[in-house]
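Below is one structure; the comments refer to it alone.
Protein chains: 2
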Amino acid sequence: MRLAIAGAGAVGRSVAQLAGDDGHDVTAIADSRSAAVDPDGLDIDAVLERKDSEGAVGTADPEDALAAEYDALVEATPTTLGDAQPGFGHVERALERDRHVVLANKGPVAERYGEVTALAEDSAGEVRFEATVGGAIPVLSTIEDYGPSTITAARGVLNGTANFVLSRMAAEGLGYEHVLAEAQDLGVAEADPSFDVEGTDAALKCVILANVLAEDREYTLADATVEGIDAIPPSALELAREDGRTIRLIGEVAGGEIRVGPRLVPEQADLAVTGTTNIVQLETENAGRLNLSGRGAGGPETATAILADINRLPRPDP
Amino acid sequence: MRLAIAGAGAVGRSVAQLAGDDGHDVTAIADSRSAAVDPDGLDIDAVLERKDSEGAVGTADPEDALAAEYDALVEATPTTLGDAQPGFGHVERALERDRHVVLANKGPVAERYGEVTALAEDSAGEVRFEATVGGAIPVLSTIEDYGPSTITAARGVLNGTANFVLSRMAAEGLGYEHVLAEAQDLGVAEADPSFDVEGTDAALKCVILANVLAEDREYTLADATVEGIDAIPPSALELAREDGRTIRLIGEVAGGEIRVGPRLVPEQADLAVTGTTNIVQLETENAGRLNLSGRGAGGPETATAILADINRLPRPDP
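The structure is reproduced here in structure tokens:
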């Protein structure tokens, strides 16, 4: 399949590097200020070297990538809230051209889900977004295969940064600020970690789950009740531990409600994953609980989910 | 979609009962000595009541179910080894008629995988068999979506009966025979438990995984190195426990080898699931390890996997 990639960060780069292994050609890639386009397939190594040395993937305009010949657009620009731009506009243009869209960007499907599905209904293209929830973990594909109406609730640990901080605090008895600084040193937390530690990122993933599971309404971040981990003292973790429990940032979608916040969970529970691991539990109507866990972030991990989505798209006519 | 169901045990019955929720019609169902057929869709409650009261689903010949009008055959007769009959014959007939086949029966894809895939290649019908490995857990669909060549190894706890026995022995310090009798009382183990406790069932699932993962050869049960749990003394579990470990019956497919046997695993490890839970770990080339766990057996659980497979089949032309 011919792929155009919007976004040349860790995810966009990994998709470009791995696409060839699955037999795909990358015909266009754009960063925020430039693009490289070749209808016969780009030389990815050369493009990424240029990005590293000159800070730009090419000499074309980013718009040229969106106008290029491709079968599926990979939308891997940073997640934005509210109008979810520029990601939403990229999705809109691709669907209006009857092209498929595979999203790593959470914005369009968390903040403007109804508009995205309406555009997809009028398009010969399909929209898939496995990579937006739980990285490499096959959450949305499982919900799709089971049928959303057979899933009665979803919950899990959906932010690796917050989980790393909480599990380190619990294991070492250290304070929040200390562990956060350590996480920043390790590259597990960003310089501004608020999106992760305040629960926004986990909430967006829960909103996407809620949109997929809901039959009759649309959710946005404004519908989620969100509390972060930044106010948890080590003493709370110590108290939990004395009772055989620990604290995790749990997101839950159940009964039409979306809630994200620190929760007490048994230390032996499936939800008490450690480090940056993510887990999603799906409660099913007829098959009990499914636990799906793995790496919830990272370039190759997220690219793996994107390529799995591409694998599920209908093949283009030869 | 119109479904024909071969087998009216727990799995076949559950498929029949749940198919309507997904909008499917069951046009035929067969047990070992009779069949009920209705091209407009059977009254499932009436058929299953008849099975309960008279021991037969209908008055037609089982052959009539295989000759009926349907889009997909659900093969849910008991797993047999060697020639995998009569299941293999059912698969063959359906594919020769260009119909889809969804298997719960492990025999045809464990013992005659090459023949099944060759038949499918010559057919307009597809073959799916998610229900044969790990019950409701989405193992084969995940491998399919990721691409088999990106999975470097698979291992897990694939037999709920053996796991129930081992985890009860470990938790209670009881002997094998005692716990097995308890499991039989609870309906977790069959009167003849050898298929489960000797590792054959787990090995068949590993053979199926090996067949799906292999690119260049076919595996059968004869290729698996299998050891059961029937010779494990409580003292071995006690020794393991003193070292923070426990024993689980682990099946593993890696480097072209299939091995099933009791293994020491850390008590906190993901593989140390308790009770009848199953878990599968997939080692991926680019996304680390995925853990997928849930209920590995049971009528509605297995039926859920079958219906998920049906959900992935191409829709018939209207």
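Keeping their order, the protein sequence lines are chains A and B. Residues in the first sequence are numbered consecutively from 1, following full-length UniProt numbering. Residues in the second sequence are numbered consecutively from 1, following full-length UniProt numbering. In this text, a Cβ means the ideal position worked out from N, Cα and C, and glycines have one as well.
Proximal chain B residues relative to residue i, where beta-carbon distance stays under 7 Å
i, result
"A76/A", "What A76/A touches in chain B: nothing, since even the nearest Cβ is about 15 Å away."
"L313/A", "Simply none; closest approach about 11 Å."
"R295/A", "A287 and G288"
"A308/A", "D145 and Y146"
Buried versus exposed, by CB contacts within 10 Å (16 or more), residue i
i, result
"R315/A", "exposed"
"R99/A", "buried"
"S32/B", "exposed"
"A46/B", "exposed"
"R155/A", "buried"
"D21/B", "exposed"
"E63/B", "exposed"
"T150/B", "buried"
"S14/A", "buried"
"S194/A", "exposed"
"R245/B", "buried"
"S34/B", "buried"
"Q281/A", "buried"
"R217/B", "exposed"
"G256/B", "exposed"
"E121/B", "exposed"
"E75/B", "buried"
"P138/A", "buried"
"G55/A", "exposed"
"A181/A", "exposed"
"residue 319/B", "The shown model of chain B, from 1 to 318, leaves out residue 319/B, and the question about it has no answer."
Beta-carbon proximity check, residue i vs residue j, cutoff 7 Å
i, j, result
"R248/A", "L271/A", "yes"
"G187/A", "A297/A", "no"
"D25/B", "G41/B", "yes"
"G87/B", "L158/B", "no"
"E238/B", "G261/B", "no"
"L73/B", "A94/B", "yes"
"I135/A", "E301/A", "Here residue 135/A turns out to be Gly, not Ile, going by the sequence shown. A contact, by the Cβ cut-off of 7 Å."
"R29/A", "A10/A", "What sits at residue 29/A in the sequence shown is Ile, not Arg. Their beta carbons are not under 7 Å apart, which means I29/A does not touch A10/A by this criterion."
"C206/B", "I279/B", "no"
"A269/B", "R295/A", "no"
"G58/A", "A36/A", "yes"
Where residue i sits in the DSSP three-state scheme
i, result
"D25/B", "strand"
"G87/B", "helix"
"P233/B", "coil"
"E126/B", "coil"
"A287/A", "coil"
"R168/A", "helix"
"Q281/B", "strand"
"S34/B", "coil"
"P262/B", "strand"
"G82/A", "coil"
"A269/A", "coil"
"L174/B", "coil"
Amino acids of chain A, ordered along the chain, whose beta-carbon sits closer than 7 Å to that of residue i
i, result
"S167/B", "The premise fails here: S167/B is roughly 13 Å from chain A at the closest Cβ pair, so nothing lies under 7 Å."
"G147/B", "D22 and N311"
"residue 399/B", "This structure gives no information on residue 399/B, because the portion of chain B shown stretches from 1 to 318."
Own chain residues within Cβ distance below 7 Å of residue i, not counting five before or after
i, result
"V109/A", "L103, V116, F129, T132, I208 and N211"
"P234/B", "M169, G173, L174 and G175"
"L81/A", "G107, E111 and L221"
Same chain only: Cβ atoms within 8 Å of residue i, ignoring 5 sequence neighbours per side
i, result
"G275/B", "G160, N163, F164 and S167"
"L213/B", "I143, P148, I151, A154 and V253"
"T284/B", "Y146, T150, I151, T152 and L290"
"residue 382/B", "Residue numbering for chain B in the displayed model covers 1 to 318; residue 382/B lies beyond these limits and cannot be assessed."
"V91/A", "L73, E75, V101, L103, P108, V116, L119 and V127"
"A191/B", "Q184"
"D43/B", "none"
Listed by chain order, chain A residues near residue i by CB distance under 8 Å
i, result
"L18/B", "N286"
"S141/B", "P138, S141, T142 and D145"
Neighbour list for residue i in chain A, Cβ cutoff strictly below 9 Å
i, result
"N105/B", "Residues of chain A passing the Cβ test: none, with the nearest at roughly 19 Å."
Proximal residues to residue i (C-beta, below 6 Å), its chain only, five neighbours per side dropped
i, result
"D71/A", "M1, R2 and P316"
"V179/A", "V165, R168 and M169"
"V197/A", "A162, G228, I229 and D230"
"S123/B", "L95 and D98"
"P39/A", "T27 and E69"
"A84/A", "G107, P108, E111 and R112"
"D309/A", "V102, R128 and E130"
Chain D contact for residue i (CB, 7 Å cutoff)
i, result
"T304/B", "Note that chain D does not occur in the displayed structure, where the protein chains are A and B."
Within chain B, the residues that residue i reaches when beta carbons sit closer than 8 Å
i, result
"E301/A", "N286, A287 and G288"
"residue 349/A", "Because residue 349/A is not part of the residues shown, which for chain A are 1 to 318, the question remains open."
Proximity test, residue i beta-carbon vs the ligand ADP heavy atom, cut-off 6 Å
i, result
"I208/A", "Ligands displayed in this structure: none; no statement on the ligand ADP is therefore possible."
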